[in-house]
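Engineer: I'd like to ask you about the structure that follows.
2 protein chains.
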Amino acid sequence: MTVKAPELDPKTDLSFTRTLAVPRQLVWDCWTKPEHIPHFFIPKPHRVTAVDIDLRVGGRFNTTFDVEGNVMDNQGVYLEVVPQEKLVFTDAYTEGWKPAPEPFMTAILLLADAPGGGTSYTAIARHRSPETRESHEQMGFFDGWGTVVTQLEDYARGLLK
Amino acid sequence: MTVKAPELDPKTDLSFTRTLAVPRQLVWDCWTKPEHIPHFFIPKPHRVTAVDIDLRVGGRFNTTFDVEGNVMDNQGVYLEVVPQEKLVFTDAYTEGWKPAPEPFMTAILLLADAPGGGTSYTAIARHRSPETRESHEQMGFFDGWGTVVTQLEDYARGLLK
Chain A
42 MTVKAPELDP KTDLSFTRTL AVPRQLVWDC WTKPEHIPHF FIPKPHRVTA
92 VDIDLRVGGR FNTTFDVEGN VMDNQGVYLE VVPQEKLVFT DAYTEGWKPA
142 PEPFMTAILL LADAPGGGTS YTAIARHRSP ETRESHEQMG FFDGWGTVVT
192 QLEDYARGLL K
Chain B
42 MTVKAPELDP KTDLSFTRTL AVPRQLVWDC WTKPEHIPHF FIPKPHRVTA
92 VDIDLRVGGR FNTTFDVEGN VMDNQGVYLE VVPQEKLVFT DAYTEGWKPA
142 PEPFMTAILL LADAPGGGTS YTAIARHRSP ETRESHEQMG FFDGWGTVVT
192 QLEDYARGLL K
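Here the protein sequences come in this chain order: A and B. Numbered by our numbering, the letters in the first sequence go through residues 42 to 202 in order. Numbered by our numbering, the letters in the second sequence go through residues 42 to 202 in order.
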């Protein structure tokens, strides 16, 4: 099956679609296996120093970043896991469905076979308010997430060799 | 299997456990089938006038109340569905994982066979902040949810006859 994209709300959502020259299975593996995440997950030279994944609905998706010497802990959970097609995660909860005081966003990744080969990759960030969407765009959503997907494609290509 | 209760945070969570003299399967059906919901879901004489359920992770759980002539629309989604054991839902999202601006709570229902027969019923409400938990307690969490479970038990008993 191919999962349906949600109906987006331009006031609160950010989104883009790109075609990647790597197979869908590999894109899925990169996004869901802890050994792959540090190779693409944040724009270089920032580094992912720890990844803790329990890939199931309600399971944890926790990462630690080193951004110019500052350690940032990010805690979240998976909301929906449809292998090779759809991954939804958020910082709105930590494991056990404990609500976060001030959630920032909910991310939806949609993967499909691209018509000419490779993978059609859609990234969606949904926010609680227009203000949060706006601040995410100002923080560099398109550059940042674009860099991440370029890093992902480069890294995944290397795995194919 | 029996699902594990999450580790609660007394600062932000409310919870109680009761034993109901009806089978677990029936308690599950009452909570998940739209035809049953109006019979117990809010304290009488308030009425549930509409129920729209898509019982799957991310599916909608929408209800309409008539409270002394005031119509209240409640929209939410299911976060986790483990038949006859665990039901998690929240107003933090509407269908399609659209984040709500100001979520109030996340509810976790846990059902187990009670040692002497019947169903051990645990209701947990998790909140984003101590203030939200406090206001939910002031609004009458224990009375309200207690009344709901009494209504549920009475209604379910009637179905057994």
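Backbone N, C-alpha and C define an ideal beta-carbon position, used for all residues, glycine too.
Does the separation of the CB atoms of Y162/A and L150/A fall below 9 Å?
Structural biologist: Counted from its first residue, the first sequence places residue 162/A at position 121. Counted from its first residue, the first sequence places residue 150/A at position 109. Yes, these two residues count as a Cβ contact at 9 Å.
Engineer: Quick one: what does DSSP say T53/A is sitting in, helix, strand or coil?
Structural biologist: Counted from its first residue, the first sequence places residue 53/A at position 12. Of the three classes helix, strand and coil, the one that applies to T53/A here is coil, per DSSP.
Engineer: Quick check on DSSP: helix, strand or coil for S161/A?
Structural biologist: Residue numbering aside, residue 161/A sits at position 120 when the first sequence is read from its first letter. Strand, per DSSP.
Engineer: As a quick exercise: from T105/A, P75/A and P64/A, pick the residue whose alpha carbon is nearest that of V89/A.
Structural biologist: The residue labelled residue 89/A in the question sits at position 48 within the first sequence. With distances taken between Cα atoms, V89/A lies closest to T105/A.
Engineer: For the 8 Å Cβ check, are there 3 or more pairs between the region 184 to 194 of chain B and the region 72 to 83 of chain B?
Structural biologist: Yes, the region 184 to 194 of chain B is in contact with the region 72 to 83 of chain B.
Engineer: In its own chain, which residues sit with a C-beta less than 6 Å from the C-beta of L67/A, not counting the 5 before and 5 after it?
Structural biologist: Working through the first sequence from its first residue, we reach residue 67/A at position 26. A197, listed in sequence order.
Engineer: Per the contact definition of three or more C-beta pairs closer than 8 Å, is the region 169 to 186 of chain B in contact with the region 87 to 101 of chain A?
Structural biologist: Touching, no, given that fewer than three Cβ pairs across the two stretches are closer than 8 Å.
Engineer: Would you kindly check if the distance between the Cβ of P171/B and the Cβ of P144/A is under 9 Å?
Structural biologist: As a position in the first sequence, residue 144/A is number 103, starting the count at 1. As a position in the second sequence, residue 171/B is number 130, starting the count at 1. No, Cβ-Cβ distance for P144/A and P171/B is not below 9 Å.
Engineer: Hey, D132/B and N115/B are a contact pair by Cβ (cut 8 Å); roughly how many whole angstroms apart?
Structural biologist: Position 91 of the second sequence, counted from the first residue, corresponds to residue 132/B. Position 74 of the second sequence, counted from the first residue, corresponds to residue 115/B. Right, their Cβ atoms sit about 7 Å apart.
Engineer: A133/B CB to nearest chain A CB: under 9 Å?
Structural biologist: Translated into the one-based positions of the second sequence, residue 133/B becomes position 92. By this cut-off, A133/B is an interface position.
Engineer: Name the residue from T188/A, L201/A and G199/A whose alpha carbon lies nearest to the alpha carbon of P86/A.
Structural biologist: Residue mapping note: residue 86/A aligns to position 45 of the first sequence, counting from 1. The shortest Cα separation from P86/A among T188/A, L201/A and G199/A belongs to T188/A.
Engineer: So, for P64/B: in the same chain, excluding its five sequence neighbours on each side, which residues have a beta-carbon less than 7 Å away from its beta-carbon?
Structural biologist: For the purposes of this step, residue 64/B is taken as the residue at position 23 of the second sequence. Closer than 7 Å at the Cβ level, and outside the excluded window around P64/B, lie T160.
Engineer: Buried or exposed for F102/A, please, with buried defined as at least 16 other CB atoms from any protein chain shown within 10 angstroms of its CB.
Structural biologist: One-based indexing of the first sequence puts residue 102/A at position 61. So F102/A ends up on the buried side.
Engineer: So with Cβ pairs under 9 Å, would you call A141/A a contact of chain B?
Structural biologist: Position 100 of the first sequence, counting from 1, holds the residue named residue 141/A. It does: the Cβ of A141/A has a partner Cβ on chain B nearer than 9 Å.
Engineer: For F130/B, count neighbouring Cβ atoms within 10 angstroms of its own Cβ and tell me buried if that reaches 16, exposed if not.
Structural biologist: Stepping through the second sequence from its first residue, residue 130/B is reached at position 89. Burial call: buried.
Engineer: Can you give the Cα-Cα distance for G137/A and P51/A, rounded to whole angstroms?
Structural biologist: Numbered from its first residue, the first sequence carries residue 137/A at position 96. Numbered from its first residue, the first sequence carries residue 51/A at position 10. Straight-line Cα distance between these residues: approximately 31 Å.
Engineer: Please say whether R174/B and P142/A have beta carbons closer to each other than 9 Å?
Structural biologist: Translated into the one-based positions of the first sequence, residue 142/A becomes position 101. Translated into the one-based positions of the second sequence, residue 174/B becomes position 133. Result no, Cβ atoms of P142/A and R174/B do not sit closer than 9 Å.
Engineer: Would you call the CB atoms of P84/B and G185/B closer than 9 Å?
Structural biologist: Indexing the second sequence from 1 puts residue 84/B at position 43. Indexing the second sequence from 1 puts residue 185/B at position 144. Taking 9 Å as the Cβ cut-off, P84/B and G185/B qualify as a contacting pair.
Engineer: How far does the beta strand (DSSP E) with A148/B in it reach, from first residue to last?
Structural biologist: Mapped onto the second sequence, residue 148/B falls at position 107. Residues T147 to D154.
Engineer: For G99/B, which residues in chain A fall below 8 Å Cβ to Cβ?
Structural biologist: Position 58 of the second sequence, counted from the first residue, corresponds to residue 99/B. Those within 8 Å of G99/B in chain A are L120, E121 and V129.
Engineer: Please tell me whether F50/A has its Cβ less than 9 Å away from any Cβ of chain B.
Structural biologist: Sequence index remark: in the first sequence, residue 50/A carries index 9 (1-based). Checking the sequence, you will find Asp at residue 50/A rather than Phe. Yes, because at least one Cβ of chain B sits closer than 9 Å to the Cβ of D50/A.
Engineer: Could you check which residue in M146/A, G117/A, T147/A and A153/A has the C-alpha nearest to that of Q125/A?
Structural biologist: Translated into positions along the first sequence, residue 125/A becomes position 84. Considering only alpha carbons, the answer is A153/A.
Engineer: Could you list which residues in chain A have their beta carbon closer than 8 Å to that of I83/B, in chain order?
Structural biologist: Sequence index remark: in the second sequence, residue 83/B carries index 42 (1-based). Correct list: empty, because the minimum Cβ distance to chain A is about 22 Å.
Engineer: Give a yes or no on whether the C-beta atoms belonging to G100/B and V123/B are separated by under 9 Å.
Structural biologist: Counting from 1 along the second sequence, the entry for residue 100/B is found at position 59. Counting from 1 along the second sequence, the entry for residue 123/B is found at position 82. No.
Engineer: M180/A CB to nearest chain D CB: under 9 Å?
Structural biologist: The structure shown has no chain D; the protein chains it does contain are A and B.
Engineer: Please list the segments of the beta strand (DSSP E) lying wholly inside the region 68 to 151 of chain B, counting only runs of 3 or more residues, in order along the chain.
Structural biologist: Counting only runs of 3 or more, we get 88 to 94, 102 to 108, 111 to 115, 118 to 123 and 127 to 131.
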